[in-house]
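Scroll down for the structure; my scribbles are underneath it.
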Amino acid sequence: MKINNIGSSGVNPYNREYNKIETAKTANVKADKLEISSTAKELQQSLQIPAERQAKVDELKNKLESGTYKVNVHETAKSIIDYYFKK
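Numbering (my numbering), first residue to last: -2 to 84.
Below is the structure:
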């Protein structure tokens, strides 16, 4: 006497239910979203360095790298004193 498989043989009903739950979870996942406010965009624009200042910074950097930059110690000391004594 031969008995044929009836229904879905070899399939675990618990695995089937678990797979349904997992696919439902992934279907409801929402993507992250980032929005930058207009105020933050304005701040980004205002933080850009003006061309004149950038040129001066580049010039000082080149002088430092080549060893030709000399610090005026008297002017530096005077500006520190003026800063602390509010002159």
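A virtual CB, placed ideally from N, CA and C, is assigned to each residue, including glycine. Quick caveat, the model's predicted, so the values are computed rather than measured.
Within the stretch 42 to 66, the runs of alpha helix (DSSP H) at least 4 residues long that lie entirely inside it are, in chain order, 48 to 63. Close CB contacts of Y66 within its chain, under the 8 angstroms cut and outside five residues either way in sequence, are with L57, K60 (chain order). Close CB contacts of S34 within its chain, under the 8 angstroms cut and outside five residues either way in sequence, are absent.
Going by DSSP, E32 is part of no alpha helix (DSSP H) at all; its letter is neither H nor E. Rounded to the nearest whole angstrom, the C-alpha separation of V68 and Q45 is 27 angstroms.
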